[in-house]
């Protein structure tokens, strides 16, 4: 039986020297305040930017958030840095905010990302599936209802 992958709390961003900060921003395409600032260096297979600091890899958007908000603790097990722009390579601190895994999931559902909208519409086709969907939590069911009524955009 396969074991469940356990989510570990993210590593705190280490103290960065001026040279580290310069190197980080040299890998970001800084544009106007409203535009996405794209990461220009290496990325994971899931599309998130990565940078090595003190021999460890960190997500570029987490480092950008930390540099803009050095006093905010981002290391909680359920904490994530969310992109308001939904661009995984974006490092613009104006597009990043601290949230929880639940916040991130609800944001994904509200915006119709992750194939959830199409998946729910397909599952809604059978009466048995509708009964299963009704057993979900009230909050999630409210989004299922919005999807069914066409109030959530497609992927």
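In this note's numbering, the protein residues as written are 71 to 225. Beta carbons are placed, not taken as given, at the ideal position from N, Cα and C, and that holds for glycine.
What does the alpha-carbon distance come out to for the pair residue i and residue j?
| i | j | result |
| --- | --- | --- |
| residue 150 | residue 219 | 30 angstroms |
| residue 95 | residue 135 | 12 angstroms |
| residue 281 | residue 162 | No answer is possible for residue 281: the residues shown for the chain start at 71 and end at 225. |
| residue 118 | residue 105 | 18 angstroms |
| residue 154 | residue 166 | 6 angstroms |
| residue 84 | residue 143 | 12 angstroms |
| residue 168 | residue 145 | 10 angstroms |
Pick from the options: whose alpha carbon is nearest that of residue i?
| i | options | result |
| --- | --- | --- |
| residue 97 | 164, 159, 143 and 176 | 159 |
| residue 164 | 170, 171 and 156 | 156 |
| residue 92 | 118, 105 and 133 | 133 |
| residue 127 | 177, 182, 154 and 80 | 80 |
| residue 179 | 152, 217, 170 and 144 | 217 |
| residue 89 | 124, 140, 148 and 171 | 124 |
| residue 140 | 215, 82 and 221 | 82 |
Quick check on DSSP: helix, strand or coil for residue i?
| i | result |
| --- | --- |
| residue 159 | coil |
| residue 33 | Within the shown structure, residues of the chain are numbered from 71 to 225, placing residue 33 beyond reach of any answer. |
| residue 86 | coil |
| residue 217 | helix |
| residue 208 | With a pLDDT of only 49 at residue 208, under 50, the local geometry of the prediction cannot be trusted, and the value read off the model is given with reservation. Three-state result, residue 208: helix. |
For residue i, is the classification buried or exposed, using 16 other Cβ atoms within 10 angstroms of its Cβ as the cut-off for buried?
| i | result |
| --- | --- |
| residue 101 | exposed |
| residue 103 | exposed |
| residue 182 | buried |
| residue 130 | buried |
CB residue i to CB residue j, shorter than 8 angstroms?
| i | j | result |
| --- | --- | --- |
| residue 170 | residue 148 | yes |
| residue 99 | residue 111 | no |
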